[in-house]
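Worksheet for the structure shown next.
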Amino acid sequence: MSYKVDFTDVSTIGLESSTIAKALAGLRANDARYFMNKYNHEFTVIPASEDTETIGYVNKILKQERNIEFSAKPLETSRFQVENIKWAYVFYEDGLEVNVMYTVNDPKKRAVGFKLSEGMNVPKELEQKFKFARQKSKLAGTIRGSFFVIKSEY
C-alpha cells in the first residue's frame, strides 16, 4: 500500500521498526517538501517488501559502481520520473536513505546520494569511503550527506 508523504504533519507511518523513526520520518518529509517545491510532485513511498524491483536496481548500482552492500533492512522505496530525471529511493531501518538520480539524456548528471538521519552512525559500509557534509533542515534536524557519480549505464 502506498503512502503519500506529508511534510506539514510528519508521520512515522511505515518506519515504526526503526530505532530513530522520528528522525527518518523527518528526512523523508524533507525530500517530500523538496519535490513538491521544485517539481510540484507528490512524494509517495511503498513498503520495501512490495518493491523488490527498486531495491534490486539500487543494489545493482551500489554493488557494480562501488562494491557496497548494506546489511540494514530496507523499509520503504520510491521510484518515479520528473522532467528528464529518474529517481529511486530506499529508506533503511537504521536511518539511512539512498537515492539514485539518473538523468535520461545527460550521462554526466547521474549520481547516488546517501543521507544519514540525525542521530545515526555512519554505516560500516560507508566508513572511510565517503566524507559527509552537514545540512540543517527544519523537518529533519541535521542531515549528513554524501554522493558519488554513476559511471555506467543502468
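In terms of my numbering, the sequence shown opens at residue 82 and continues consecutively.
Beta carbons are placed, not taken as given, at the ideal position from N, Cα and C, and that holds for glycine.
Nearest-angstrom Cα separation, counted from residue j out to residue i
i	j	result
GLU157	ILE127	5 Å
ARG191	GLN145	14 Å
ILE231	VAL193	7 Å
LEU143	GLU150	7 Å
LYS119	LEU207	29 Å
ALA110	GLU234	30 Å
GLU199	PHE228	17 Å
PHE116	LEU197	19 Å
MET182	ALA169	7 Å
GLY107	VAL91	6 Å
Where the beta strand (DSSP E) containing residue i begins and where it ends
i	result
ALA169	166 to 173
THR125	125 to 128
THR158	155 to 163
Sequence-distant residues of its chain with Cβ nearer than 8 Å to residue i (five each side left out)
i	result
THR125	SER83, TYR84, LYS85, VAL86, SER159 and PHE161
GLU164	TYR120
The alpha helix (DSSP H) enclosing residue i, as first and last residue numbers
i	result
LEU143	133 to 147
TYR115	102 to 120
Nonlocal neighbours in the same chain, by C-beta distance under 7 Å from residue i, ignoring five residues either side
i	result
ARG114	PHE88 and LEU220
LYS217	THR223
Neighbourhood of residue i by C-beta, 6 Å cutoff - its chain only, sequence neighbours within 5 removed
i	result
LYS205	none
TYR173	ALA153 and PRO155
field: Start-end ranges of the beta strand (DSSP E) lying completely within the stretch 185 to 227, minimum 3 residues
entry: Qualifying beta strand (DSSP E) stretches, in chain order: 191 to 197 and 214 to 218.
message: Below 8 Å, how does it come out for the stretch 209 to 216 and the stretch 157 to 169: are there three or more Cβ pairs, yes or no?
response: Under the three-pair Cβ rule at 8 Å, the stretch 209 to 216 does not count as touching the stretch 157 to 169.
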